[in-house]
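Accompanying notes for the structure given below.
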Amino acid sequence: MDAVIRAEGLVKTFGRTRALDGLDLKVGAGEVHGFLGPNGAGKSTTIRVLLGMLRAKGTATVLGQDAWRDSVAIHRRIASVPGDVVLWPNLSGGETIDLLTRLRGGADPELRRRLLDDLRLDPRVKARAYSKGNRQKVALVAAFARRADLYVLDEPTSGLDPVMEEVFRAEVRRVRGEGAAVLLSSHILDEVEQLCDRVTIVRSGRTVETGTLAELRRLTRTRFRIATGTAPARIAAVEGVHDVVADSGHLTFDVETVAIPAVLAVLSGADVTALTAEPPSLEELFLRQYGADRSRVDS
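Position 23, counted from 1, in the sequence shown is what my numbering calls 25; the numbers after and before it change by one each time, with no gaps.
Following this line, the structure appears as C-alpha cells:
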C-alpha cells in the first residue's frame, strides 16, 4: 500500500504542553482512514502539521512531499475542510467557493452545480448571514467541487443535519471510488464505521491502535445472546467468557475472540433454539480503549 500520508515520530510542544508525543500515522492511497481520539489527543494538531500550518519534530510527508517545506505544492493536490469554518463576511457563498476552488485550478461546473443542489445551499447569500451548518456546506462544496488526490476532513459534518450528513457520506464514497484518499477525523463514530477502511486511535499525542475494524475487533469481546435451557454455570465455566446474565430463558454474555471456538463447541451440545452474536461496534472499541474517558468523545 503506497502511503499518501506518512507521519513518524511527530513531536510538537506549546510551552509546557506536549501536544504530540511521537505520533505515527499512515494513510494509504485510495483508502478512507478514520482518525479518532478524545479531547486533547492531538488530532487537530496533527492535521495542522500535515497541512503545513505548524512545524513539528519528526517526519511528515503528504503525497510524497515534505508537509512543511512543500506545503504550497501539496495544497494544489489536496482539499481540506475544518470543523469550524470561518468565511469572509462580505463575500457570498458562491464567491467564496469560486475563490477557494481557483486556488486548485477552478471548480468542475457540473460538480459545483450538483453539490449546491444536493446540499441545498443558496450561493447568493452573503457569508455573514449563513448559519454554522451553511458555512460548513460552503467548505464542503469548495472541497468536493474539484477532484483532489487527498481530502483532509476535520469534523467535516459539524452543524449538518442527518440528511446533509448522508450527502456528505455519498461524496466521500464517490471520491474514494475515483481513487482519492481521505483522512477523516470525526466524533460521529457511526460515520467512521460506515466509511472508513482503516482507523487510527490516538491518545495524549501518541498512536495507541491502528488497523482495520476487523483487526481492532480482535482486541475486544463479542456479545452473545442465546435462547437455551442450559445452566449459566456451564457457559461461565469457559475461559474467556465474561458477564453471563440469565433472563427469561435467555443467556447474554461477552466472549474474548480467542474463546469463541470453545464457546461454540459448548453450544453445539446444548439445547440452543436461537442465537445472535454481535461484533463490537466502533463505539464499543473506542470506549473500551479509553475507559474513564467514556463520556468524552472528541468534537
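We put the beta carbon where it would ideally sit given N, CA and C, even for glycine.
Could you check where the alpha helix (DSSP H) with residue 212 kicks off and where it finishes?
Residue 212 -> not in any alpha helix (DSSP H); beta strand (DSSP E) instead, spanning 208-213.
Helix, strand or coil for residue 120? Go by DSSP, reduced to three states.
helix
Could you spell out the range, first to last residue, of the alpha helix (DSSP H) harbouring residue 100?
Segment 95-104, the alpha helix (DSSP H) holding residue 100.
Taking 8 Å as the limit between beta carbons, can you name the residues of its chain near residue 182, skipping five residues before and five after?
32, 149, 150, 151, 152 and 153
What runs of the alpha helix (DSSP H), each 4 residues or longer, lie entirely inside the stretch 37-71?
You should have 45-52.
Is DSSP giving residue 129 helix, strand or coil here?
helix
Taking the continuous alpha helix (DSSP H) assigned at residue 11, which residues delimit it?
That residue, residue 11, is in no alpha helix (DSSP H); its beta strand (DSSP E) goes 5-16.
DSSP state of residue 137, grouped into three classes?
helix
What did DSSP end up calling residue 21 once you bin it into helix, strand or coil?
strand
Classify residue 249: buried if its beta carbon has 16 or more other beta carbons within 10 angstroms, exposed otherwise.
It is exposed - the Cβ of residue 249 has fewer than 16 other Cβ atoms within 10 Å.
Got a sec, what are the start and stop residues for the beta strand (DSSP E) residue 204 sits in?
200-205
Suppose you measure from the CA of residue 268 to the CA of residue 188; what does that come to, to the nearest Å?
41 Å
Counting Cβ pairs closer than 8 Å, one from the stretch 85-97 and one from the stretch 155-162, do we hit at least three?
The stretch 85-97 is in contact with the stretch 155-162.
Would the beta-carbon of residue 186 fall within 7 Å of that of residue 284?
Residue 186 is not a Cβ neighbour of residue 284, given a cutoff of 7 Å.
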